[in-house]
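Asks: Take a look at this one; I'll ask things after.
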Amino acid sequence: MKLGLIGYGRTGKIVAEAAQKRGHEIVSIIDLNRPDTFSAKVDCYIDFSTAEAVHKNIIACCNIGVPIVIGTTGWLNDLSKFEQIFVETGNKGIWSGNFSVGVNLFWQIVAEAAAKFSKFSNDYDVSVHEIHHKNKIDSPSGTALRTAEVILENFSTKNSTITETLQRKILPNELHVSSARYGEVVGTHTTVFDSLFDSVEITHTAKTREGFALGAVLAAEMVMDLKPGFYKFSNIFEQLYK
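Going by our numbering, the first residue of the sequence shown is number 165, and it counts up by one from there.
Here it is in structure tokens:
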């Protein structure tokens with residue numbers, strides 16, 4: 165495939181390496197330090213830029229009919245608006261707060277655990293905690309927010325996510341998502357099911373960014389066979405191993 169990159173920072177460079185290892189060619193790079201124009205000769209663009217740039221990047225790709233894979237986080241409040249753009253233009257795209265294969269399997273494990281612990285919700289509570297490096301600009305992470313969604317979909321007594329610092333007692337229906345930023349932590353996400361009797365923790369720890377990059381390249385390979393639309397990677401992830 166002929167791939168284009170939007171954003172050529174630390175993650176963008178790793179995506180380029182992952183793509184080349186799988187036999188793909190990088191033919192376009194859009195970045196503040198390496199300006200380029202969007203090209204219809206690209207098979208798919210992969211976006212690891214900024215939340216503020218996602219809207220114009222989607223429009224640019226849809227205007228020339230080139231699929232886009234978006235790994236940038238911090239823009240989910242605009243999801244419905246972006247979905248409409250793909251409907252109107254007939255273009256294809258895949259997005260995720262985390263393209264790591266390990267994280268997507270982590271979400272499946274959390275979903276199953278939440279459904280089972282939900283049957284004992286009188287005894288067990290649940291929370292999410294995430295840690296990232298000091299330079300990450302959004303909090304909570306997109307991965308943590310997706311983890312919270314998974315829990316709310318499967319833990320019957322939880323229907324609201326709280327991400328800010330509380331100055332009150334948390335309510336039984338609220339799921340607390342907490343964050344920490346320090347050092348060079350690539351990314352750690354933990355779901356805790358806690359009771360008076362015991363505590364069960366499910367943790368995913370990213371060691372490098374290569375996992376995110378590989379997943380994004382796999383998504384670019386997948387998007388070519390999809391019908392028009394804007395897909396959440398976790399919803400089509402199982403196609404990778406069926």
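Ideal Cβ positions, reconstructed from N, Cα and C, are used throughout, including at glycine.
Whose CA, out of A277, P199, E189, lies closest to the CA of I170?
Replies: Cα-wise, what sits closest to I170 is P199.
Asks: Do you know offhand how far F401's Cα is from V233's?
Replies: Distance between the alpha carbons of F401 and V233 is about 14 Å.
Asks: What residues are listed by DSSP as bridge partners for C208?
Replies: Paired residue(s): L167.
Asks: For S303, collect the residues of the same chain with a Cβ closer than 7 Å to its Cβ; drop the 5 residues on either side in sequence, then sort them by chain order.
Replies: Excluding positions up to five away in sequence, the list reads S343, R345.
Asks: Buried or exposed: D211, going by 16 or more other Cβ atoms within 10 Å of its Cβ?
Replies: Flag for D211 reads buried.
Asks: Could you check what DSSP says for K220 in three-state terms: helix, strand or coil?
Replies: Three-state DSSP puts K220 in a helix.
Asks: Specify the secondary structure class of T329 as computed by DSSP and reduced to three states.
Replies: If DSSP states are grouped into helix, strand and coil, T329 belongs with coil.
Asks: Should H297 go down as buried or exposed, given a rule of 16 or more other Cβ atoms within 10 Å for buried?
Replies: With fewer than 16 Cβ atoms within 10 Å of its Cβ, H297 is classed as exposed.
Asks: Cutting at 6 Å between CB atoms, please list the residues of its own chain near F376, excluding the five before and the five after it.
Replies: These residues qualify, in order along the chain: F263, S264.
Asks: CA-CA distance, I273 and Q248?
Replies: Rounded to the nearest angstrom, the two C-alpha atoms are 31 Å apart.
Asks: Using CA coordinates, which residue listed in G393, G351, S324, V179 is at the minimum distance from I222?
Replies: It is G393.
Asks: In chain order, which continuous runs of the beta strand (DSSP E) of length 3 or greater are located wholly inside the stretch 263-320?
Replies: Counting only runs of 3 or more, we get 289-296.
Asks: Determine the closest residue to A380 out of S285, F397, V364, with distance taken between C-alpha atoms.
Replies: If we check each option's Cα against that of A380, F397 comes out closest.
Asks: Please state the DSSP three-state secondary structure of T201.
Replies: Correct three-state label for T201: coil.
Asks: R310: buried (16+ other C-beta within 10 angstroms of its C-beta) or exposed?
Replies: Buried, by the Cβ-count rule.
Asks: Using only CA atoms, which one of E189, I194, A308, K245 lies nearest to G351?
Replies: It is A308 whose Cα lies nearest to the Cα of G351.
Asks: For E189, I'd like the list of residues in its chain whose CB is within less than 6 Å of its CB, leaving aside the five on either flank, ordered along the chain.
Replies: Hits under 6 Å: K166.
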